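Numbering (my numbering), first residue to last: 14 to 107.
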């Protein structure tokens, strides 16, 4: 996975996440929207409307003085913890 910041301010971050599709992006977006200081999280993968862009671009807006990069890190940890919990539950059920 390759990451490239395309825009960054104190309250907004746009980051290209190469090699990912809707499956991962929806999970990450959902985890971001669960964060209490994230006011918006969305992504775009439509190359026709994005000037030929082919990799997803995730955009995060925060409030309450939270750095959007920190919110992204929190969301990634949350996704990882949920995946581990799911795997453990799946293995216990098998």
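Glycine included, each C-beta is placed from N, C-alpha and C at the ideal position. What you are looking at is a predicted structure, and each value in this text was computed from that prediction instead of being measured.
Among the options, the one whose alpha carbon lies nearest that of residue i
i          : options            : result
residue 26 : 80, 36 and 32      : 80
residue 19 : 70, 94 and 56      : 70
residue 89 : 43, 107, 76 and 22 : 43
Outcome for residue i when other beta-carbon atoms lying within 10 angstroms are tallied against a minimum of 16
i           : result
residue 158 : With the chain running from 14 to 107 in the structure shown, residue 158 is simply not present.
residue 35  : exposed
residue 97  : exposed
residue 16  : exposed
residue 86  : exposed
residue 109 : Nothing in the structure corresponds to residue 109, since the chain is present only between 14 and 107.
Reduced DSSP category for residue i - H, G, I as helix; E, B as strand; rest coil
i          : result
residue 87 : helix
residue 36 : helix
residue 18 : strand
residue 29 : strand
Identified DSSP bridge partners for residue i
i          : result
residue 80 : Per DSSP, none; premise fails for residue 80.
residue 52 : In DSSP, residue 52 forms no bridge with anything.
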